[in-house]
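Beneath this line is the structure, given in structure tokens, with notes to follow.
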Amino acid sequence: MRSHLLNDTTAEQYRRSVTEGIERVAAKLAATDRPFTGVTVDALAPTIDAIDLDKPLFDTAAVLDELEDVYLRDAIYFHHPRYLAHLNCPVVIPAVLGEAILSAVNSSLDTWDQSAGGTLIERKIVDWTTARIGLGENADGVFTSGGTQSNLQALLLAREEAKTDSFAKLRIFASEVSHFSVKKSAKLLGLGQDAVVSIPVDHDKRMQTVALAHELERCRKDGLVPMAVVATAGTTDFGSIDPLPEIAELCDQFDTWMHVDAAYGCGLLASVKYRGRIDGIERADSVTVDYHKSFFQPVSSSAVLVRDASTLRHATYHAEYLNPRRMVSERIPNQVDKSLQTTRRFDALKLWMTLRVMGADGIGQLFDEVCDLAVEGWRLLAADPRYDVVVEPSLSTLVFRYIPAAVTDPAEIDRANLYARKALFASGDAVVAGTKVQGRHYLKFTLLNPETTTEDIAAVLDLIAGHAEQYLGESLDRAS
Numbered sequence: 018m019r020s021h022l023l024n025d026t027t028a029e030q031y032r033r034s035v036t037e038g039i040e041r042v043a044a045k046l047a048a049t050d051r052p053f054t055g056v057t058v059d060a061l062a063p064t065i066d067a068i069d070l071d072k073p074l075f076d077t078a079a080v081l082d083e084l085e086d087v088y089l090r091d092a093i094y095f096h097h098p099r100y101l102a103h104l105n106c107p108v109v110i111p112a113v114l115g116e117a118i119l120s121a122v123n124s125s126l127d128t129w130d131q132s133a134g135g136t137l138i139e140r141k142i143v144d145w146t147t148a149r150i151g152l153g154e155n156a157d158g159v160f161t162s163g164g165t166q167s168n169l170q171a172l173l174l175a176r177e178e179a180k181t182d183s184f185a186k187l188r189i190f191a192s193e194v195s196h197f198s199v200k201k202s203a204k205l206l207g208l209g210q211d212a213v214v215s216i217p218v219d220h221d222k223r224m225q226t227v228a229l230a231h232e233l234e235r236c237r238k239d240g241l242v243p244m245a246v247v248a249t250a251g252t253t254d255f256g257s258i259d260p261l262p263e264i265a266e267l268c269d270q271f272d273t274w275m276h277v278d279a280a281y282g283c284g285l286l287a288s289v290k291y292r293g294r295i296d297g298i299e300r301a302d303s304v305t306v307d308y309h310k311s312f313f314q315p316v317s318s319s320a321v322l323v324r325d326a327s328t329l330r331h332a333t334y335h336a337e338y339l340n341p342r343r344m345v346s347e348r349i350p351n352q353v354d355k356s357l358q359t360t361r362r363f364d365a366l367k368l369w370m371t372l373r374v375m376g377a378d379g380i381g382q383l384f385d386e387v388c389d390l391a392v393e394g395w396r397l398l399a400a401d402p403r404y405d406v407v408v409e410p411s412l413s414t415l416v417f418r419y420i421p422a423a424v425t426d427p428a429e430i431d432r433a434n435l436y437a438r439k440a441l442f443a444s445g446d447a448v449v450a451g452t453k454v455q456g457r458h459y460l461k462f463t464l465l466n467p468e469t470t471t472e473d474i475a476a477v478l479d480l481i482a483g484h485a486e487q488y489l490g491e492s493l494d495r496a497s
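Heads up, the numbering used here is the position in the sequence shown plus 17, with the first residue counted as 1.
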């Protein structure tokens, strides 16, 4: 079986196999006319269950044929302009090229003697990002698996920097629409159930700084320690951006770590038109960025950045077999010194390739296009009597609800919206997301594809209305 190992003697086989796989995917992408086939779990699971993994096919072409049946045919294709659901972006070709290279070379970014140039490339990308944010000359960071890990590490650093003799006294402040990973991180960090204080939001779903100031003051009066404020630059549900300058002022006043979760809104760092929307981010102590959301990178590609590089020491552990202390004095750069992970992919290469081929402005222009599209979509929704739209977009998210003219029962309207989303997904014609607003079911467009048009949005709105009306008609028939 050595013939399957990638090395100097199998380079030609590698070229043939990968080329055959690429040709299959390219043909699939070219022929995809909807984002999903609508396959159900019950329909697909038996096909996969029937495969005996102890009986290999011994032929790449046969395996690719099988893969068509178990994956490629029914995959959800984010590149399709009517995929409008979650924070999944279509990817740029230079990044996919980077993915192919890093997978084949298989560098591990924990130590210099496993990555060499990869270490320096990741550090260069980190420096580029911290400069875009404006964190200053002492800034640093490291790549992570995603926003959840980035938020966890940032809050770990905040916990270790907090001045307290008891974790039970620590409090984290985040808006009521912040990412769930804030509460999850608090739990993983051993903080109490009451550690995360939820701050109400205004009409635009932005953290109310008056309420934040009140809670910070109460925290101090109660003898507790304000460990961190998590400001969100692009909430998952609404794309809303918290008032970063005002939050920074409060963090200075209360000597509190300021973390900005910009997993979604980090695309504004490259924006040609809208960079000003995240002014104040430069005052953060730490920042989460997800390049695999708004930089059009393949999963995974994320980083946690810090203003003060020395705070990363809280994630440092030295092992003699890996990164002994002497390497620090020898100025050997080991990224594991900064990371919660040990073995780690060379994900920075994807963004490196993107920047070298397209440039930052090229990325920013793509993100600006989807932000512009969201404004047009909001205008369509605001003018459409069939829909209630929640907030004008700050980024590229639209949250809305189908409101039938002849039905007033909120619970029935909830069921109509849930049905419409499910029926649309089952049809495969489009994919949209859902959420709750004040306890009621709403639908959500997350627009991250510059190929999506206002015509696509209008067509999907008609499809949603049609499915909802079908449900309501059947509901009336059942009731009569």
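Glycine included, every Cβ here is placed at the ideal spot set by N, Cα and C.
Compare the C-alpha of residue i against each of the options and name the closest.
{"i": "G394", "options": "K201, L465, A28, K222", "result": "L465"}
{"i": "Y308", "options": "W145, R324, H231", "result": "W145"}
{"i": "D473", "options": "L172, P111, P52", "result": "P52"}
{"i": "D389", "options": "L329, L285, D364", "result": "L285"}
{"i": "E263", "options": "A230, D272, A245, A447", "result": "A230"}
{"i": "F160", "options": "T425, R361, D385, K453", "result": "R361"}
{"i": "A280", "options": "E266, R41, S198", "result": "S198"}
{"i": "I258", "options": "L101, Q487, A191", "result": "A191"}
{"i": "V227", "options": "D221, I216, H220, R237", "result": "I216"}
{"i": "F184", "options": "K200, L208, K201, L172", "result": "L208"}
{"i": "E429", "options": "G445, S413, K200, Y488", "result": "Y488"}
{"i": "I39", "options": "S20, L22, E85", "result": "E85"}
Who are residue i's beta bridge partners in DSSP?
{"i": "L322", "result": "G158, V304"}
{"i": "T181", "result": "Answer is none; T181 lacks a bridge partner."}
{"i": "S192", "result": "I216"}
{"i": "F17", "result": "Here the chain covers residues 18 to 497 and nothing more, so residue 17 does not appear."}
{"i": "I258", "result": "A250"}
{"i": "V449", "result": "L101"}
{"i": "H276", "result": "V247, S303"}
{"i": "L187", "result": "V242"}
{"i": "R13", "result": "Outside the shown range of the chain (18 to 497) lies residue 13, about which nothing can therefore be said."}
{"i": "M224", "result": "V218"}
Taking all protein chains shown into account, decide if residue i is buried (16 or more other Cβ within 10 angstroms of its Cβ) or exposed.
{"i": "T463", "result": "buried"}
{"i": "N24", "result": "exposed"}
{"i": "M18", "result": "exposed"}
{"i": "D157", "result": "buried"}
{"i": "S195", "result": "buried"}
{"i": "G456", "result": "exposed"}
{"i": "D211", "result": "exposed"}
{"i": "A245", "result": "buried"}
{"i": "Y338", "result": "exposed"}
{"i": "P427", "result": "exposed"}
{"i": "F417", "result": "buried"}
{"i": "L137", "result": "exposed"}
{"i": "A133", "result": "exposed"}
{"i": "L74", "result": "exposed"}
How many angstroms separate the CA atom of residue i from the CA atom of residue j?
{"i": "P243", "j": "D130", "result": "41 Å"}
{"i": "V323", "j": "G163", "result": "16 Å"}
{"i": "R292", "j": "D378", "result": "12 Å"}
{"i": "G451", "j": "K72", "result": "41 Å"}
{"i": "Q170", "j": "R176", "result": "10 Å"}
{"i": "L480", "j": "L415", "result": "17 Å"}
{"i": "V277", "j": "T128", "result": "28 Å"}
{"i": "Q166", "j": "I295", "result": "22 Å"}
{"i": "P402", "j": "I420", "result": "8 Å"}
{"i": "L174", "j": "Q358", "result": "15 Å"}
{"i": "I110", "j": "D182", "result": "51 Å"}
{"i": "T54", "j": "G483", "result": "19 Å"}
{"i": "F384", "j": "D69", "result": "44 Å"}
{"i": "P387", "j": "N340", "result": "In the sequence as presented, Pro is not what sits at residue 387; that position holds Val. Roughly 44 Å separates the two Cα atoms."}
{"i": "Y459", "j": "P107", "result": "24 Å"}
{"i": "N155", "j": "M375", "result": "28 Å"}
{"i": "L261", "j": "I298", "result": "6 Å"}
{"i": "E116", "j": "A287", "result": "21 Å"}
{"i": "A391", "j": "T249", "result": "19 Å"}
{"i": "E139", "j": "S318", "result": "11 Å"}
{"i": "A148", "j": "M370", "result": "19 Å"}
{"i": "C268", "j": "R300", "result": "10 Å"}
{"i": "A44", "j": "T470", "result": "23 Å"}
{"i": "L81", "j": "T49", "result": "17 Å"}
{"i": "R237", "j": "V353", "result": "36 Å"}
{"i": "E468", "j": "S413", "result": "14 Å"}
{"i": "G256", "j": "S411", "result": "6 Å"}
{"i": "L114", "j": "I380", "result": "16 Å"}
{"i": "L101", "j": "T26", "result": "45 Å"}
Compute the minimum distance between the beta carbon of residue i and the heavy atoms of the ligand NAP, and state whether it is under 7 Å.
{"i": "P98", "result": "Questions concerning the ligand NAP fall outside what the structure shown contains, since it holds no ligand whatsoever."}
What residue ranges within the region 384-431 form continuous beta strand (DSSP E) runs of no fewer than 3 residues, ordered along the chain?
404-406, 414-419
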